[in-house]
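K.L.:
Protein chains: 2
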Amino acid sequence: MATQRRRNGKGNGKANPAEDEAVYQAILHALLEGKLKAGVKLAEPPLAEIFGVSRERIRKVLHRLGAERRLEMIPNRGARVPRPTLDDVRSVYEAHRVLEAGVLTQLVRHVDDALIEKLTAHLAEERAAATRADRAASVRLSGAFHVHLVEALGNAELSRFLADLLSRSSVMVSVYEPATDSICAVDEHGAIVEALRARDVARAIAVSREHFLHVESRLHLDDETAPASEDLTVVFAAVKPKRRKR
Amino acid sequence: MATQRRRNGKGNGKANPAEDEAVYQAILHALLEGKLKAGVKLAEPPLAEIFGVSRERIRKVLHRLGAERRLEMIPNRGARVPRPTLDDVRSVYEAHRVLEAGVLTQLVRHVDDALIEKLTAHLAEERAAATRADRAASVRLSGAFHVHLVEALGNAELSRFLADLLSRSSVMVSVYEPATDSICAVDEHGAIVEALRARDVARAIAVSREHFLHVESRLHLDDETAPASEDLTVVFAAVKPKRRKR
DNA sequence: GCCATGCCAAATGTGCACATTTCTTAATTA
DNA sequence: TAATTAAGAAATGTGCACATTTGGCATGGC
Numbered sequence: 001m002a003t004q005r006r007r008n009g010k011g012n013g014k015a016n017p018a019e020d021e022a023v024y025q026a027i028l029h030a031l032l033e034g035k036l037k038a039g040v041k042l043a044e045p046p047l048a049e050i051f052g053v054s055r056e057r058i059r060k061v062l063h064r065l066g067a068e069r070r071l072e073m074i075p076n077r078g079a080r081v082p083r084p085t086l087d088d089v090r091s092v093y094e095a096h097r098v099l100e101a102g103v104l105t106q107l108v109r110h111v112d113d114a115l116i117e118k119l120t121a122h123l124a125e126e127r128a129a130a131t132r133a134d135r136a137a138s139v140r141l142s143g144a145f146h147v148h149l150v151e152a153l154g155n156a157e158l159s160r161f162l163a164d165l166l167s168r169s170s171v172m173v174s175v176y177e178p179a180t181d182s183i184c185a186v187d188e189h190g191a192i193v194e195a196l197r198a199r200d201v202a203r204a205i206a207v208s209r210e211h212f213l214h215v216e217s218r219l220h221l222d223d224e225t226a227p228a229s230e231d232l233t234v235v236f237a238a239v240k241p242k243r244r245k246r
Numbered sequence: 247m248a249t250q251r252r253r254n255g256k257g258n259g260k261a262n263p264a265e266d267e268a269v270y271q272a273i274l275h276a277l278l279e280g281k282l283k284a285g286v287k288l289a290e291p292p293l294a295e296i297f298g299v300s301r302e303r304i305r306k307v308l309h310r311l312g313a314e315r316r317l318e319m320i321p322n323r324g325a326r327v328p329r330p331t332l333d334d335v336r337s338v339y340e341a342h343r344v345l346e347a348g349v350l351t352q353l354v355r356h357v358d359d360a361l362i363e364k365l366t367a368h369l370a371e372e373r374a375a376a377t378r379a380d381r382a383a384s385v386r387l388s389g390a391f392h393v394h395l396v397e398a399l400g401n402a403e404l405s406r407f408l409a410d411l412l413s414r415s416s417v418m419v420s421v422y423e424p425a426t427d428s429i430c431a432v433d434e435h436g437a438i439v440e441a442l443r444a445r446d447v448a449r450a451i452a453v454s455r456e457h458f459l460h461v462e463s464r465l466h467l468d469d470e471t472a473p474a475s476e477d478l479t480v481v482f483a484a485v486k487p488k489r490r491k492r
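Those protein sequence lines, which keep their order, are chains V and H. Per the numbering used here, the first sequence starts with residue 1, numbered consecutively. Per the numbering used here, the second sequence starts with residue 247, numbered consecutively.
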């Protein structure tokens, strides 16, 4: 009934960091994809069963995700998918807005043709995705636009912070669904690029600000829609085929 | 010879999160105070001995600090105090500069007399510390000024990010000693407050930018000065008296 | 004299056996 | 019948016993 261990049953100290990573990535991915509904309990034994690894392995990953504030850890009561409040979401969006204001301020000092060209190409991609109504691609490219902006500064700290904010807001999308159409209007992104080309800091910031406020205004609370799969086996179906029961 | 266990020798599952915290805080504090020199190895057995806790306890804390990028973790080779390059330091300072530009942009929309008053009071404290040549207080207050600025926005995400940057740069001070006089000139802080009072975004940002560039310019590499205590027993001398050998 | 190789001690990584806590369910009582 | 409580089950937390890996050191060869 129980999953069989991979090797002999006695203290197997074989180092396998890749396996940790695999489990971590699998859970993180499910989290980012919104497959794990807010409030769902992530218990150690079932996850160990599903991934075919020891409980301590799961344990370590869960705590790591907790330290990254991606899971809500309660002492002696395990891990749950956090249920962000509307204020939490606003806080993330505001942080992104403030950060981008700083980024743009610094960026106008370093704009060159190569950057403008790169951003323009990206805008084309965004438009293409929009015209063919590819929602998934639109969401992805929309986030990527802002990533391009920070990465143009080449500062690892800032890039990391933005990545953190984006991953956090992507989780929140599953709760506070920001309308059905594309998250970021391509035109607004285009306006930012235009302001950058003109080296107009004030306009760039103003446009960016309006852009974010526009997105924020579309946030609304979905009162407990489809609970999505509560069953973890279903959520992690395609991952880690590993070894079935013999 | 070995530290005695706290209870009976058999699997003691007693939950004691406070003890984890104590060890975490002790090591973090030593790190922030600069008592732990860059490159020093933090091995598990000696730390377990020093703090009088099990090795797994130490292990968990070490990995947590690694996840926070405060320690450099190498698989199968343990934890070391990171040795930041000059570029790393510049990166942190630049991130702080960019972030503060965004903060100021947002802040001028919300300045009120209460805030100005609070900042002015803080400036007075800074001046007092400077006139009595209290270097420790100056460094602390200097960082606190920037903390006041973000916290005025009331955004937890931004506050957390700044705290992260500050704690990181404080560690770096031990390697790249930024001159002997106070880190931030009080006058420069005062100029920021003045610009805020006048609701002048551009000036506030410009002053802030100059301020950071000024600090950055003072960074210089101390070629391997006093190695500070390599002995961990000395570093963690005053902490955790706990229970001596009976 | 210097570099290569093998061995041994020390440190790290991991599964497991518990203790402890929390959750669930059934039984008892007002 | 509803609320309370007690007991069992399940889940979490932790120390320990290993396996594995790394680092240092002595020995031997060039």
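Built from N, CA and C at the ideal position, the CB exists for glycine as well. Here the structure is a predicted model, which is why all the values come from computation and not from measurement.
1) In chain order, what residues of the same chain have a beta carbon less than 6 angstroms from the beta carbon of V:Arg244, not counting five sequence neighbours either side?
2) Taking C-beta to C-beta, are V:Glu188 and V:His211 nearer than 7 angstroms?
3) Is V:Leu42 helix, strand or coil when you go by DSSP?
4) With DSSP collapsed to three states, give me the class of H:Glu318.
5) Give the residues from the segment 87-109 of chain V that approach chain H closer than 8 angstroms (Cβ to any Cβ), ordered along the chain.
6) Starting from the Cα of H:Val480, find the closest Cα among H:Ile273, H:Ala268, H:Asp266, H:Met418 and give me that residue.
7) Would you mind working out which of V:Glu100, V:Tyr93, V:Glu94 sits nearest H:Ala341, comparing C-alpha positions?
8) With a threshold of 16 other CB atoms inside 10 Å of the CB of V:Ala18, please say whether the residue is buried or exposed.
9) Starting from H:Leu369, find everything on chain V with Cβ-Cβ shorter than 7 angstroms and list it in chain order.
10) Just how far apart, CA to CA, sit V:Ala144 and H:His309?
11) May I ask which residues mark the beginning and end of the alpha helix (DSSP H) holding H:Gln452?
12) Does the segment 398-411 of chain H come within contact of the segment 352-366 of chain H, defined as at least 3 CB pairs closer than 8 angstroms?
13) Under the rule that 16 or more other beta-carbon atoms within 10 Å means buried, what is H:Phe482, buried or exposed?
14) Distance, Cα to Cα, V:Ser259 vs V:Leu32?
15) If you measure from the beta carbon of V:Asp20 to each beta carbon in chain H, is any gap under 7 angstroms?
16) For H:Leu411, go through chain V and note every residue whose CB falls closer than 8 angstroms to its CB, in chain order.
17) May I have the straight-line CA-CA distance separating H:Asp334 from V:Thr85, to the nearest angstrom?
18) By how many angstroms is the C-alpha of V:Ala38 removed from the C-alpha of H:Arg305?
19) What does V:Arg80 pair with, by DSSP beta-bridge criteria?
20) Can you give me the start and stop residues for the alpha helix (DSSP H) that H:Leu332 sits inside?
21) Given a limit of 7 angstroms on CB to CB distance, which residues of the segment 49-71 of chain V reach chain H?
22) Is the shortest distance between the beta-carbon of H:Phe458 and the beta-carbons of chain V less than 7 angstroms?
23) Excluding five sequence neighbours on each side, which residues of the same chain lie with their C-beta closer than 6 angstroms to the C-beta of V:Ala30?
24) Is H:Ser337 closer than 7 angstroms to V:Ala136 when the C-beta atoms are compared?
25) Could you tell me whether any Cβ in chain V is nearer than 7 angstroms to the Cβ of H:Phe407?
26) Between the C-alpha atoms of H:Arg449 and V:Val201, what's the straight-line distance to the nearest angstrom?
27) For the alpha helix (DSSP H) that contains H:Glu434, what are its first and last residues?
28) Inspect the beta-carbon positions of H:Glu290 and H:Arg303 and report whether they are closer than 7 angstroms.
29) Ordered along the chain, which non-local residues of its own chain (more than five positions away) have a Cβ less than 6 angstroms from that of V:Val207?
30) Looking at chain V, which residues of the segment 444-455 of chain H have a Cβ within less than 9 angstroms of any of its Cβ atoms?
31) For H:Ile320, is the classification buried or exposed, using 16 other Cβ atoms within 10 angstroms of its Cβ as the cut-off for buried?
32) Which residues in the same chain as H:Arg443 place their Cβ atom closer than 6 angstroms to its Cβ, once the five residues preceding and following it in sequence are excluded?
P.N.:
With the given structure in hand:
1) Interpretation of V:Arg244 is limited by its pLDDT of 38, a score under 50 that renders its predicted location unreliable; the figure taken from the coordinates is listed afterwards. Counting only Cβ-Cβ distances below 6 angstroms, and skipping sequence neighbours, we find nothing.
2) In this structure, V:Glu188 sits near V:His211, with a CB-CB distance shorter than 7 angstroms.
3) strand
4) strand
5) Ser91, Val92, Glu94, Ala95, Arg97, Val98, Leu99, Glu100, Ala101, Gly102, Val103, Thr105, Gln106
6) Cα-wise, what sits closest to H:Val480 is H:Ile273.
7) V:Glu100
8) Exposed, by the Cβ-count rule.
9) Correct list: empty, because the minimum Cβ distance to chain V is about 23 angstroms.
10) 31 angstroms
11) Sequence check: residue 452 of chain H is Ala here, not Gln. Segment 447-463, the alpha helix (DSSP H) holding H:Ala452.
12) A contact between stretches requires three or more CB pairs, one per stretch, nearer than 8 angstroms, and the segment 398-411 of chain H meets this requirement with the segment 352-366 of chain H.
13) buried
14) Since the first residue shown for chain V is 1 and the last is 246, residue 259 of chain V is missing from the structure and cannot be characterised.
15) The Cβ of V:Asp20 sits no closer than 7 angstroms to any Cβ of chain H.
16) Glu157
17) 35 angstroms
18) 31 angstroms
19) V:Lys41, V:Glu72
20) Residues 332-353.
21) Arg64, Ala67
22) no
23) Taken in chain order, the residues that qualify are Leu36, Val235.
24) no
25) yes
26) Distance from the CA of H:Arg449 to the CA of V:Val201, rounded to the nearest whole angstrom, comes to 13 angstroms.
27) 432-443
28) no
29) Ala191, Ile192, Ala195
30) Residues Val447, Ala448, Ile451, Arg455.
31) exposed
32) Ile362
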